[in-house]
Amino acid sequence: MSKLGVGIGYREEFRSELFLHRDEVDFLEIIGDRYLRANHYLQQELDLLNASFPLVPHFINLSLGSAEGIDSDYLNRVAKLVNQLNPPWWSEHLSFTQAGGIDIGHLSPLPHTKEAADVVCRNIAQVQSQIDAPLILENITYMVNIPGGEMSEAQFIYEICDRTNCGLLLDITNLHINSINHSYNIAEFLAQLPLERIVQLHFVGGHWHNDILIDSHSTVTPDAVWELMQEVTSLTEVDGVVLERDENIPPFIELAKELHKAKTILNS
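So, in structure tokens, the structure goes:
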């Protein structure tokens with residue numbers, strides 16, 4: 038893997054400011070789905086970003102956990118984009134977004150069972166047969182624990198990464214949020230993860246709603262997540278760290294402060 042440093046998830050809202058702070062951004066993570074059916078404007082945007090920054094595509098709707106398999110048309114478009122950009126890695130979520138041909142509309146958790154792991158591994162094999170760039174998998178937040186689990190979430194992630202040779206995109210905000218909402222111990226979770234497979238981190242802040250912490254990508258990164266970043270980067274080498282801000286986007290100078298803090302941690 039390539040050591041990219043600290044980047045930000047690209048959002049059109051701050052495009053002009055991004056170029057004013059170009060030296061403070063090591064790379065961009067782009068939402069790949071935005072460009073799968075790119076019109077002239079979006080193709081121009083993609084070309085501009087690609088000429089200006091290293092790009093890592095991040096996808097939302099591949100639905101690696103779908104028992105009926107991967108949508109071949111969607112996969113073909115993903116493969117075309119990833120192969121065109123030739124990134125050092127690309128990422129998708131360890132979840133499913135489609136079932137029975139219906140788009141669920143959000144990232145849904147998988148049961149932590151051998152059968153579910155088999156499905157994911159089979160789907161990833163199909164993806165890897167069409168895309169040479171390394172795939173890394175992201176842990177998601179979830180509101181409900183799926184009953185009938187045969188292993189912990191961390192053990193489930195470990196098995197899939199081990200069987201598919203995928204890397205891991207550890208979203209430390211998601212990990213923090215799940216530990217709060219489901220009352221589990223982060224140290225025990227990390228002890229069961231394949232730490233050597235961590236390639237990239239995501240970080241940002243969420244918000245509280247009726248005693249539930251929501252992964253809204255809408256606030257400044259909290260102290261607990263910064264502390265978790267320090268812990269994880271002290272345990273293993275990390276090639277990229279990305280700030281994901283989607284709502285209540287402040288002036289870019291405020292985002293740059295968070296990028297600088299992440300660089301300090303990553304380089305310490």
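Just add 37 to the spot in the sequence shown (first one is 1) and you have my numbering. For glycine and all other residues, C-beta sits at the position ideal for the given N, C-alpha and C.
Could you tell me the boundaries of the alpha helix (DSSP H) in which residue i lies?
i	result
W127	Run containing W127: none in the alpha helix (DSSP H); it sits in the beta strand (DSSP E), W127 to H130.
I302	F289 to N304
V278	Counting along the chain, V278 falls outside any alpha helix (DSSP H), though it belongs to the beta strand (DSSP E) covering G277 to L280.
F56	R52 to L57
A75	First-last for A75: undefined, no H or E at that position.
Locate the beta strand (DSSP E) running through residue i, then write down its first and last residues.
i	result
E175	L172 to E175
F64	F64 to I68
L92	L92 to H95
Based on the DSSP secondary-structure assignment, which residues constitute the bridge partners of residue i?
i	result
L101	Answer by DSSP bridge pairing: none, since L101 is not bridged.
I251	H244
V257	In the DSSP output, where bridge partners are listed per residue, V257 has none listed.
I11	Residue 11 is absent from the model: the chain starts at 38 and stops at 305.
Could you check how far apart the C-beta atoms of residue i and residue j are, in whole angstroms? I think they sit under 8 Å.
i	j	result
Q163	I107	5 Å
I173	L205	6 Å
N285	D252	14 Å between Cβ atoms; not a contact.
L265	H213	6 Å
P148	G185	6 Å
Q237	V275	7 Å
L122	L92	6 Å
E61	A299	Actually they do not touch by this definition, with Cβ atoms about 11 Å apart.
V262	I209	6 Å
Can you tell me which of the three DSSP states residue i falls into?
i	result
F240	strand
T270	helix
Y119	In the sequence as displayed, the identity of residue 119 is Val instead of Tyr. The answer is helix: DSSP assigns V119 an H, G or I state.
I197	helix
V43	strand
Which runs of the alpha helix (DSSP H) fall wholly inside the stretch 200-230 and span at least 4 residues, in chain order?
209-218 and 223-229
Whole beta strand (DSSP E) elements within the stretch 134-169, 3-residue minimum
139-145
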